[in-house]
Structures are given as C-alpha cells and as structure tokens.
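What follows is a single structure, written as structure tokens, with notes after it.
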Amino acid sequence: MTPNILLVEDEPAIQELLAFNVTQCGFRALQAYDADAAMGLINQALPDLILLDWMLPGISGIELAKRLRADQRTRDIPIIMLTARTDERDKVMGLESGADDYITKPFSPRELMARIRAVLRRRAPQMSEETVKVESLELSPVTHRVFANGQNIVLGPTEFRLLHFFMTHVERVYSRSQLLDQVWGDHVFVEERTVDVHIRRLRQALEPSGTDGLVQTVRGSGYRFSRT
Ligand code: CA
Numbered sequence: 003m004t005p006n007i008l009l010v011e012d013e014p015a016i017q018e019l020l021a022f023n024v025t026q027c028g029f030r031a032l033q034a035y036d037a038d039a040a041m042g043l044i045n046q047a048l049p050d051l052i053l054l055d056w057m058l059p060g061i062s063g064i065e066l067a068k069r070l071r072a073d074q075r076t077r078d079i080p081i082i083m084l085t086a087r088t089d090e091r092d093k094v095m096g097l098e099s100g101a102d103d104y105i106t107k108p109f110s111p112r113e114l115m116a117r118i119r120a121v122l123r124r125r126a127p128q129m130s131e132e133t134v135k136v137e138s139l140e141l142s143p144v145t146h147r148v149f150a151n152g153q154n155i156v157l158g159p160t161e162f163r164l165l166h167f168f169m170t171h172v173e174r175v176y177s178r179s180q181l182l183d184q185v186w187g188d189h190v191f192v193e194e195r196t197v198d199v200h201i202r203r204l205r206q207a208l209e210p211s212g213t214d215g216l217v218q219t220v221r222g223s224g225y226r227f228s229r230t
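Here this note's numbering is used: the first residue of the sequence shown is 3, the next is one more, and so on.
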C-alpha cells in the first residue's frame with residue numbers, strides 16, 4: 003500500500019522539491035498550496051501523513067494543525083511541520099499545536115525522508131513492512147502472505163489490507179466510516195456496506211484455520227479485532 007503524503011506549501015520551488023523527493027521514496031504526493039486546498043483534499047480522503055508549512059497565506063499551518071487535531075476524523079493523521087523558524091519557543095508552539103515532528107528549512111531531503119519514515123512507523127504501524135503476529139496469525143507485508151497455524155491463507159488485496167490494519171490495531175472498535183478512511187482511504191465515494199462485504203470475505207478466508215472469530219462485530223458501532 004503506497005502511503006499518501008499531503009504536501010501543504012505555498013512556495014512553488016519548495017513544493018516541487020518536496021513532491022520530487024516524496025515520489026522518489028515511493029510515496030504518493032498530494033499537493034496543496036494553502037490550507038483550504040488541503041482541507042478539500044482531506045475531505046475526500048485521509049492522507050497517511052501531512053507535511054505542513056508553518057507560514058501559509060490565509061489560514062496558517064499552526065491553525066490548520068489545530069483544526070485537524072480538534073476533529074475526530076482527522077486527529078490521528080501524522081503531521082510534520084516545516085518552518086523557517088529556528089526559535090525554541092516556536093518549536094514548542096508547533097509541537098503543542100499537535101505536530102508529531104518538526105523540521106527547519108533549509109532541510110536536507112534525506113533527513114526529511116528519514117523523519118517521514120520514522121513518523122509513519124510510529125503513527126501508522128500498518129504502513130510498516132514488519133511481519134505482524136496475533137495469536138496464530140502471521141502476516142508479512144513484504145511477501146504479501148498470511149499464515150494461520152502454519153496454513154497459507156489466500157486473501158484478496160482489500161482483505162489483506164483490512165487484516166493488516168486490524169492486526170496492527172487490536173482491541174479497538176472501528177466504525178465502517180473509520181475503516182473506509184483507514185483501509186480504503188476514502189469515506190465519501192465508497193459505500194459503507196462495502197466494508198461488510200469485505201469483512202465477510204475476510205472471515206470466510208480465515209474460517210478453515212479457526213481464526214475468523216478474531217474479527218468481531220460490535221453491534222451499533224462497527225468492528226473490532228480481538229483476542230477474546
Ligand atoms: Ca510558506
């Protein structure tokens with residue numbers, strides 16, 4: 003799954019530099035030149051990470067970060083703040099507004115990419131390439147394989163992403179809309195019952211190994227992946 007990185011930067015030269023580096027690293031770059039354009043893109047689909055310039059025309063980067071943190075739908079999106087400011091007080095303010103990390107311009111693209119990877123690993127474990135184990139299930143993002151009690155489980159691409167998300171977010175309840183955001187990346191143009199269809203397929207695939215009970219329906223709320 004290619005992570006989508008939303009770049010919010012009004013200076014065209016820096017915007018292009020960011021897009022180039024992000025794309026070179028195998029990410030998908032979404033570009034916005036101000037906060038309103040960024041909100042428009044976020045309303046369509048949640049990005050996996052936002053690189054956010056502090057100084058923007060109109061709504062500032064700090065203000066946008068605060069708004070995103072105040073909204074339940076967007077509050078968990080990792081944010082890296084970009085700024086020309088080096089003052090320690092500014093750094094504190096940036097982090098208090100809800101940024102996960104902070105990088106000062108001019109930055110080395112290499113350092114920026116290392117920070118992006120670190121934040122993604124921390125905030126979105128389903129983006130990582132590490133093998134995940136829950137009970138007798140073992141999922142490898144690198145080989146795209148799933149084993150249950152040693153048996154190979156064959157899954158479609160959506161069921162694979164769904165299971166990967168669940169295995170890295172155990173014991174928590176997710177609504178259909180949240181799953182669409184997190185697994186499909188789109189809660190507007192995909193119908194909620196699509197989630198039910200893929201949950202059913204996932205359970206069917208897990209059933210022969212007796213692990214389908216891990217995927218639980220929480221009445222009135224959504225789904226949970228749970229050991230108990
Ligand atoms: Ca700027």
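Where a beta carbon is used, it is the ideal one built from N, C-alpha and C, also for glycine. Given the structure is predicted, the values throughout are model-derived calculations rather than measurements.
| Asked | Found |
| --- | --- |
| Using beta-carbon positions only, say whether Gly60 and Asp36 come within less than 7 angstroms of one another. | yes |
| Three-state secondary structure (DSSP) at Arg226? | strand |
| Could you say which of Pro159, Ser138, Lys107 lies nearest to Gly152 if we only look at CA atoms? | Ser138 |
| With three or more C-beta pairs closer than 8 angstroms as the rule, is the segment 107-115 touching the segment 33-52? | no |
| How many whole angstroms separate the CB atoms of Ile79 and Asp103, which I take to be in contact at a CB cut-off of 8 angstroms? | Their Cβ separation, rounded to whole angstroms, is 13 angstroms, which puts Ile79 and Asp103 out of contact at 8 angstroms. |
| Below 8 angstroms CB to CB, which residues in the same chain sit around Arg124 once its five sequence neighbours on both sides are set aside? | Pro80, Asp102 |
| Does the Cβ-Cβ distance between Val24 and Ala31 come in under 7 angstroms? | yes |
| Give me the residue from Ala207, Gly215, Ile44 with the minimum Cα distance to Arg69. | Ile44 |
| Quick check: Ser223 and Val185, are their CB atoms within less than 7 angstroms of each other? | no |
| Nearer than 6 angstroms: is that true of the beta carbon of Met57 relative to any heavy atom of ligand 1? | yes |
| With hydrogens ignored, establish whether the beta-carbon of Asp12 is closer than 6 angstroms to any heavy atom of ligand 1. | yes |
| Pick from Glu173, Pro210, Val148, Leu181: whose alpha carbon is nearest that of Phe227? | Glu173 |
| Within a Cβ cutoff of 8 angstroms, which residues of the same chain sit near Met95, ignoring the five residues on either side of it in sequence? | Ile64 |
| For Val197 versus Arg205, is the C-beta spacing smaller than 7 angstroms? | no |
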